[in-house]
Amino acid sequence: MLSKEAIEEFKEIYLEEFNEKLSDEEAYNLAVDLLQLVDALLNPDSPVENTF
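Going by the working numbering, the first residue of the sequence shown is number 52, and it counts up by one from there.
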């Protein structure tokens with residue numbers, strides 16, 4: 052689970068980059084998707100798990 056602080060930071064970055072506000076739920080889902088993508092790219096032989 053991501054901390055409230057991490058979600059807020061992701062929302063700020065997303066707003067700066069895409070000029071679009073996200074709800075906490077949208078930010079959480081996008082951040083988890085991004086973390087899973089990065090994990091899959093860095094560890095291609097590992098099974099994909101939702102550990103965030």
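Ideal placement from N, C-alpha and C gives every residue a C-beta, glycine not left out.
Any 3 or more C-beta pairs closer than 8 Å across the segment 57-69 and the segment 78-97 | yes
To the nearest angstrom, report how far apart D96 and A82 are at their CA atoms.
-> 22 Å
Consult DSSP for L88 and reduce its assignment to one of helix, strand or coil.
-> helix
Is there at least one non-hydrogen atom of the ligand COA closer than 7 Å to the beta-carbon of K72?
-> Questions concerning the ligand COA fall outside what the structure shown contains, since it holds no ligand whatsoever.
CB contact flag (E71, Y65, <8 Å) = yes
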